[in-house]
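Notes follow once the structure below has been shown.
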Ligand code: RAM
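Numbering (this note's numbering), first residue to last: 78 to 1010.
Following this line, the structure appears as structure tokens:
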């Protein structure tokens, strides 16, 4: 064969091969495309649970997302079965049948009754807008937890640590942490092992020496007299044939801790305890249960010598007990435990949101050595909440002292005064020379700087000696915001860090001083912003349960939940969390169950408002417009707005939202009652606090007074423009600065925006001088501060004792940043309809917002270039969007290159201010318009 022929054959073969592979890959692509692209995805239960174990309810709701190429859902079918093999055709628990509905979120289960420990599998199928069916989705799974107290055979166990514990101020006892253990044998072939566990206190579990799960400070914080959360772990892979050991470390946590300056709330008697039930199922059909009972042993002679939330942790390595949670360990010196029954009236219930976890690790960025101090300071350059992870050389017998600080005082001095009585100091005592690696287990700190002393002084400090383990409830980011302005981006970052720092199992006011409580007012103002930045739906629904459980018999809502103050007092604007938060969670998630669950609480709170009023004018106690800047001395942190005005405004608003809730829940009569009440309160409000020209009477005309009246719509139409002018005057008098505290600040951008004063709002937002958001950034803030002037670069800390550098309330501006700077907000609950309406200003040349709505990702990305406005939008499947272009860019609008016209585009309108609006379907759009001359 000639060489030529051989070559030709080789080429031909190659050609055929390439052709074939090309065809096959096309075929494969289209097949997989069919399956992957077309079936429903992201299958979730209730507030976003993915294949949960130990699930908290037997009333699931189902949510799914449609693939992005689908415009809308016309029908769906859900099938639920006890075995995956039964799906989709033989669903034994529920088959919804094909239902004509576009509902793809929170569809309630309507099948066979589900009970504790039940496992179910589910699939969903949808038909698109043209009635074309999609293939069945993948199968999702859920397993219910122990839903009733009677599901527990186990007993509470623990050592009595009252006697040998540390007594401090007043009646405060700090219990020595304990270790508990039990050996057990496994003889048959294991199929599953499930551990159900809780604690009065906080625990870490170990099985055969290995940690169980990675939860921090579990089970978390609830009103312990009513409800204690339980956790479930699948530990099948950790159990071995033969000998096994289950063990727990146990510390006081919130349940037995000193709280609120110096108070024992739940831990007045008794000691920390654990409750556990390890349920083993074997291949031969038999079962074995390892319960916490009187066969367990415990010791307080372990290495964790001291642990307290506010004060820190002490670890003495000389007390280490190697292998204490393994079968070989000799526990003959350990003591028998005390045993007690479950408590009547305290419900044990599966945790309904994720525990705190180590979420992010941040390294030391630089090392400082202040001249006159013993320690070395590690700067993480980010104020954070969690614990340090130290890897430090030590000498045997030495004590490493670890202190924390949010900011240094001028001249680089270590500052801890704003922690007040919280000692917030950890200690590690070394039992040998060499590198130790440690982080505390049962405390947490709020810090940017870590000071170490007591390490091996012959070694030069290295940055890798200290890392920060950032801890918060285990949720993920849900949205992003950025812009062309660096300070605005820093503000966004500070807001997100404020969220991370204060979503520590419950929403706290601050994470560092001797407080860290679930303040209702702070939570109320920050909820929408938190929803934009993280998937905190379950987190809020869970805390709302604690809020309900904390409501007083007279309908009052305590200052904090769980209620550690126990003073029976209420405050307007704070207790209103009971109404405002459920409404906001519903509005941003589309989940009506949050309204159902909380409706009774809302009504009782409105009634309480009424009881605290005369002729519908409130005389309720109030923290007022907390920390308003430049307030008169006698206001005592509560601002200058009349408390009666604030109380009446919130009373009206609570009635208004309760009416809207009644409407959603289809309670027509009650809707009417609350609407009328809202109208009546508004009249009383107007008559008591506003004169005929729309000016505040009977008190100081503050920015917040006007903001409440305008935002909550409490004035007759003819007074609105007068009130608006008065508001503008107060802003002008303040040289375009805000004069608002916790309650007024979140309303300011929305009221000004509504008035067409976006430019003014930008100028307030971009102010560099006190009081403003950027002022804190100019002073080096990496989190939101409690006060507008918590810290100053030259003068250091504000000397007031109440001064946290990690308080999320003023981060409430984040809502407006997403909704108006980027321009994404819901027009219908859960973003079934989306409004994309960016408002450029403040010299911004671009902004970029993305948000994971329950239906999928919505984005609004804009830039201004050469007098042109470019907008990129993504609208998720099964929704629709209204686009409103900025009034300053009304000309020559094109959508995906096509000129905007009423024939091809839906509902094109032009508003009085010149802004163009039109509706679009799901998909990607490039929109362009040109500046008005
Ligand atoms: C402070 C808290 C909180 C605030 C209350 C009124 O102690 O830090 O932020 O809501 O007071």
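Heads up, the beta-carbon is just placed ideally off N, CA and C, and yes, glycines get one too.
(message) Could you check whether the Cβ of residue 598 sits closer than 6 Å to any heavy atom belonging to the ligand RAM?
(response) yes
(request) Using three-state DSSP, classify residue 480 as helix, strand or coil. (result) strand
(request) From the DSSP output, in three-state form, read off residue 101 for me. (result) The predicted position of residue 101 is uncertain, since its pLDDT is 37 and thus under 50; no value can be drawn from it.
(request) Report the residue from 910, 216, 508, 149 whose alpha carbon sits nearest the alpha carbon of residue 118. (result) 216
(message) Looking only at its chain, what residues have a beta carbon closer than 6 Å to the beta carbon of residue 376, apart from the 5 residues adjacent to it on each side?
(response) 256, 411
(request) Assuming residue 620 and residue 595 form a contact by the criterion Cβ under 8 Å, report the distance between their Cβ atoms to the nearest whole angstrom. (result) 7 Å
(message) The alpha helix (DSSP H) that contains residue 902, what's its start and end?
(response) Residue 902 -> not in any alpha helix (DSSP H); beta strand (DSSP E) instead, spanning 901 to 903.
(request) Closer than 8 Å by C-beta to residue 741: which residues in its own chain qualify, once you throw out the five before and the five after it? Chain order, please. (result) 663, 669, 672, 906
(message) Three Cβ pairs or more, each shorter than 8 Å: is that satisfied between the segment 364 to 381 and the segment 275 to 293?
(response) no
(request) For residue 741, name the three-state secondary structure that DSSP assigns. (result) helix
(message) Under 8 Å, with one C-beta from each stretch per pair, do the segment 494 to 501 and the segment 540 to 549 reach the 3-pair mark?
(response) no
(message) Pop quiz: residue 73 and residue 904 are said to be a contact at Cβ under 8 Å. What is the actual Cβ separation, rounded to whole angstroms?
(response) Because residue 73 is not part of the residues shown, which for the chain are 78 to 1010, the question remains open.
(request) Using alpha carbons as the reference points, say which of 770, 732, 819 lies closest to residue 803. (result) 770
(message) Whole angstroms are fine: how far does the CA of residue 143 sit from the CA of residue 116?
(response) 7 Å
(request) Leaving aside the five residues before and after residue 638 along the sequence, list all residues of the same chain whose C-beta is less than 6 Å from its C-beta, in chain order. (result) 595, 623, 624, 627
(request) Answer yes or no: do residue 551 and residue 468 have a C-beta to C-beta separation smaller than 7 Å? (result) no
(request) Return the chain-ordered list of same chain residues with a C-beta closer than 6 Å to the C-beta of residue 826, the five sequence neighbours on each side being excluded. (result) 838, 893
(message) Using C-beta distances below 7 Å, list every residue in its chain close to residue 346, excluding the 5 sequence neighbours before and after it, in chain order.
(response) none
(request) Kindly list the residues whose CB is nearer than 6 Å to the CB of residue 514, restricted to its own chain and excluding five residues on each side of it in sequence; keep chain order. (result) 468
(request) For residue 538, I'd like the list of residues in its chain whose CB is within less than 7 Å of its CB, leaving aside the five on either flank, ordered along the chain. (result) 444, 453
(message) Suppose the cutoff is 6 Å on Cβ atoms and the five residues either side in sequence are ignored; what does the same chain contact list for residue 391 look like?
(response) 382, 383, 504
(request) State the Cα-Cα distance for the pair residue 957 and residue 695, rounded to the nearest angstrom. (result) 42 Å
(message) Given 6 Å as the limit, tell me if residue 629 has its C-beta closer than that to any heavy atom belonging to the ligand RAM.
(response) no
(message) Rounding to the nearest angstrom, what Cα-Cα distance links residue 597 and residue 890 in this structure?
(response) 18 Å
(message) Among the candidates 262, 568, 506, whose CA atom is the shortest distance from the CA of residue 397?
(response) 506
(request) Would you mind stating whether residue 1002 and residue 955 have Cβ atoms separated by less than 7 Å? (result) no
(message) By the DSSP assignment, the alpha helix (DSSP H) with residue 577 in it spans what residues?
(response) 563 to 579
(request) Taking residue 951 as part of the beta strand (DSSP E), name the residues at either end of that continuous run. (result) 945 to 952
(request) Could you have a look at residue 219 and say whether DSSP puts it in helix, strand or coil? (result) strand
(message) Please state whether the Cβ-Cβ distance between residue 526 and residue 482 is less than 7 Å.
(response) yes
(message) Mapping the DSSP letters down to three states, classify residue 894 as helix, strand or coil.
(response) helix
(request) Could you check if residue 465 is buried or exposed, using at least 16 other CB atoms within 10 Å of its CB as the buried criterion? (result) buried
(message) Since residue 297 and residue 582 should fall inside the 8 Å C-beta cutoff, what is the C-beta to C-beta distance between them, to a whole number of angstroms?
(response) 4 Å
(request) Compute the Euclidean distance between the alpha carbons of residue 886 and residue 851, then round it to the nearest angstrom. (result) 15 Å
(request) Please name the residue in 924, 408, 329 whose C-alpha comes closest to that of residue 941. (result) 924
(request) Out of 197, 471, 605, point me to the one whose CA is closest to residue 394's CA. (result) 471
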